[in-house]
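A quick write-up on the structure given underneath.
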Amino acid sequence: MKISIIGVGLIGGSIALKLKQKGIVDFIYGIDNNNEHLNEALNLKIIDAKVDLEYGIKNSDLVILAIPVDAARKLLPSVLDLISEHQTVMDAGSTKAGIVNAVKSHPKRSRFVAFHPMWGTENSGPKSAIPDSFSGKAGVICNKEESDKDALNLVEKIVEALDMHLIYMNAEDHDVHTAYISHISHITSYALANTVLEKEREEETIFQLASSGFSSTVRLAKSHPEMWVPIFKQNKENVLDVLNEHIFQLKKFKAALEKENFEYLEELILNANKIRGILDKK
88 MKISIIGVGL IGGSIALKLK QKGIVDFIYG IDNNNEHLNE ALNLKIIDAK VDLEYGIKNS
148 DLVILAIPVD AARKLLPSVL DLISEHQTVM DAGSTKAGIV NAVKSHPKRS RFVAFHPMWG
208 TENSGPKSAI PDSFSGKAGV ICNKEESDKD ALNLVEKIVE ALDMHLIYMN AEDHDVHTAY
268 ISHISHITSY ALANTVLEKE REEETIFQLA SSGFSSTVRL AKSHPEMWVP IFKQNKENVL
328 DVLNEHIFQL KKFKAALEKE NFEYLEELIL NANKIRGILD KK
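In the numbering used here, the protein residues as written are 88 to 369.
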């Protein structure tokens, strides 16, 4: 099987490495606006050739869009214009409703499968690609009933090769849940980093005193805006909903401290501890 990956960075590169490792692809074309990334991907043997969009699409059995969600939303209709009825297109975007809606009336909509691998790091580029990164993580396919059976089966085969466990959702539900468990985490991390940078002007002090707890909490603040601004934009209403709730929860902690109501503060912490029971099931 020959595939084209549009966007040979962290996600696209990791997918390519894993599929090569599993031996289910014979040749991988790389397509990217960043020629430096393409050269890196070639040198790292993530891809086998760098090509232009039209050549890659027309010579592939499967096309994977692993680019920021706003770019994917704009490009996907053009990609579908170029494929035959026997080719399949999938994406790897962190929001799904906008992408699905962008092609809902496209005559080749059924050749597209909306997919989100629930994994990522604060790093970017081909050098950050990790072949086993998806193992044990959730792979979400959205609106599967809108895809042809053979296209869906192929993407399911890809998800299985990535060693992910499959979850099926509609796009709107997906975007609500990812706002709760992923997107708010990034906003919180960015905000915490900005808070510390504003209040603690001595960079050396931050470096010397930063504990593992602080480092892990602000790790996501290293994530690049070119990826996350489009995600927040595409999922604005859901992100605002959970952000309002987060601000409300912060105000509870603030009020408890201001009023020296330490019993209530303990209640808030004990309630938060319930998350351990959910996460420890993994």
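Backbone N, C-alpha and C define an ideal beta-carbon position, used for all residues, glycine too.
**Prompt:** At which residues does the beta strand (DSSP E) containing I318 begin and terminate?
**Reply:** Start at 1 with the first residue of the sequence shown, and residue 318 comes out as number 231. Element bounds for I318: not the beta strand (DSSP E) but the alpha helix (DSSP H), P312 to Q321.
**Same chain only: Cβ atoms within 6 Å of V112, ignoring 5 sequence neighbours per side** = Residue mapping note: residue 112 aligns to position 25 of the sequence shown, counting from 1. Here the set comprises M88, I90 and L106.
**Message:** Taking the alpha carbon of H203 as the reference point, which residue from H273, K183 and F114 has its own alpha carbon closest?
**Reply:** What you label residue 203 is simply residue 116 of the sequence shown in a count that begins at 1. The candidate whose alpha carbon is nearest that of H203 is K183.
**Prompt:** Just how far apart, CA to CA, sit N331 and K191?
**Reply:** As a first step, residue 331 is located in the sequence shown; it is residue number 244 there, counting from the start. As a first step, residue 191 is located in the sequence shown; it is residue number 104 there, counting from the start. Each residue's alpha carbon lies about 31 Å from the other.
**Request:** Leaving out five residues on either side along the sequence, give the residues of the same chain with a beta carbon under 8 Å from the beta carbon of L279.
**Result:** Counted from its first residue, the sequence shown places residue 279 at position 192. The residues are T304, V305 and A308.
**Message:** Out of A359, V176 and A266, which one is the CA nearest neighbour of F319?
**Reply:** By 1-based counting over the sequence shown, the position of residue 319 is 232. It is A266.
**Asked** Do you know whose CA, among Q108, G94, S211 and I93, lies nearest D250's CA?
**Response** Working through the sequence shown from its first residue, we reach residue 250 at position 163. Of the listed residues, the one whose Cα sits closest to D250 is Q108.
**Asked** In three-state DSSP terms, what is P194?
**Response** As a working mapping, residue 194 is identified with position 107 in the sequence shown. In the structure shown, P194 sits in coil (DSSP, three-state: anything other than H, G, I, E or B).
**Prompt:** Going by beta carbon distance, what residues of the same chain come within less than 7 Å of L104, once the five residues before and after it are set aside?
**Reply:** Counting from one through the sequence shown, the residue named residue 104 turns up at place 17. Once the five neighbours on either side are set aside, the close Cβ partners of L104 are I133, A216 and P218.
**Request:** Please confirm whether L337 and A343 have their CB atoms less than 8 Å apart.
**Result:** The count along the sequence shown starts at 1 and reaches residue 337 at position 250. The count along the sequence shown starts at 1 and reaches residue 343 at position 256. Cβ atoms of L337 and A343: not closer than 8 Å.
**Asked** Among G185, V150, G212 and H173, which one has its Cα closest to the Cα of N121?
**Response** Against the sequence shown, residue 121 aligns to sequence position 34. Measuring from the Cα of N121, the nearest candidate turns out to be G212.
**Asked** Can you find at least 3 beta carbon pairs, one from the stretch 257-266 and one from the stretch 226-242, that sit closer than 8 Å?
**Response** yes
**Asked** When DSSP labels each residue in this structure, what does K89 get in the three-state scheme?
**Response** In the sequence shown, residue 89 corresponds to position 2, counting from 1. In this structure, K89 counts as strand in the three-state DSSP scheme.
**Request:** For the beta strand (DSSP E) holding H252, just list the boundary residues, first then last.
**Result:** Taking the sequence shown and counting its residues from 1, the one referred to as residue 252 is at position 165. H252 to M256 is the extent of the beta strand (DSSP E) around H252.
**Request:** Answer with buried or exposed for I334, where buried requires no fewer than 16 other C-beta atoms within 10 angstroms of its C-beta.
**Result:** For the purposes of this step, residue 334 is taken as residue 247 along the sequence shown, with counting starting at 1. Classification of I334: exposed, given that the 10 Å Cβ count is below 16.
**Segment limits, beta strand (DSSP E) that includes D178** = Counting from 1 along the sequence shown, the entry for residue 178 is found at position 91. From DSSP, the beta strand (DSSP E) with D178 extends over T175 to D178.
**Item:** Length of the line joining the Cα atoms of E127 and E233
**Value:** Position 40 of the sequence shown holds residue 127. Position 146 of the sequence shown holds residue 233. Taking the straight line joining both Cα atoms gives about 36 Å.
**Asked** Cβ-heavy atom distance between G143 and the ligand SAH below 7 Å?
**Response** This structure lacks the ligand SAH, and indeed carries no ligand of any kind.
**Limits of the alpha helix (DSSP H) - the one that H270 falls within** = For this step, residue 270 is matched to residue 183 along the sequence shown. No alpha helix (DSSP H) holds H270; DSSP gives it neither H nor E.
**Asked** Between I115 and L140, which are expected to be in contact by the criterion C-beta below 8 Å, what is the C-beta distance as a whole number of angstroms?
**Response** On the sequence shown, position 28 is the one that residue 115 refers to. On the sequence shown, position 53 is the one that residue 140 refers to. Incorrect: roughly 15 Å between the Cβ atoms, too far for contact.
**Request:** Name the residue from I93, A136, G364 and L125 whose alpha carbon lies nearest to the alpha carbon of L149.
**Result:** The sequence position of residue 149 within the sequence shown is 62, counting from 1. If we check each option's Cα against that of L149, I93 comes out closest.
**Request:** Quick one: measure Cβ to Cβ for G96 and A159, integer angstroms, because I've assumed they're closer than 8 Å.
**Result:** By 1-based counting over the sequence shown, the position of residue 96 is 9. By 1-based counting over the sequence shown, the position of residue 159 is 72. Going by Cβ atoms, the distance from G96 to A159 rounds to 13 Å, so no, they are not a contact pair.
**Message:** Can you look up P164 in the DSSP assignment and give me helix, strand or coil?
**Reply:** Translated into the one-based positions of the sequence shown, residue 164 becomes position 77. Helix.
**Asked** Taking DSSP as the reference, what is the three-state secondary structure of V103?
**Response** The count along the sequence shown starts at 1 and reaches residue 103 at position 16. Before going on, a small fix: residue 103 reads as Ala here, not Val. If DSSP states are grouped into helix, strand and coil, A103 belongs with the helices.
**Message:** Could you tell me the alpha carbon to alpha carbon distance between A189 and I356, rounded to whole angstroms?
**Reply:** Locating residue 189 in the sequence shown gives position 102, where the first residue counts as 1. Locating residue 356 in the sequence shown gives position 269, where the first residue counts as 1. Distance between the alpha carbons of A189 and I356 is about 43 Å.
**Item:** F335 in three-state terms, based on DSSP
**Value:** Within the sequence shown, numbered from 1, the residue matching residue 335 stands at position 248. The answer is helix: DSSP assigns F335 an H, G or I state.
**Request:** Assign I362 to buried or exposed, taking buried as 16 or more other Cβ atoms, counted over all protein chains shown, within 10 Å of its Cβ.
**Result:** As a position in the sequence shown, residue 362 is number 275, starting the count at 1. Classification for I362: exposed.
**Asked** What do you get for N281, buried or exposed, if any count of 16 or more other CB atoms within 10 angstroms of its CB means buried?
**Response** Here residue 281 refers to the residue found at position 194 when the sequence shown is read from its first residue. Per the 10 Å Cβ criterion, exposed.
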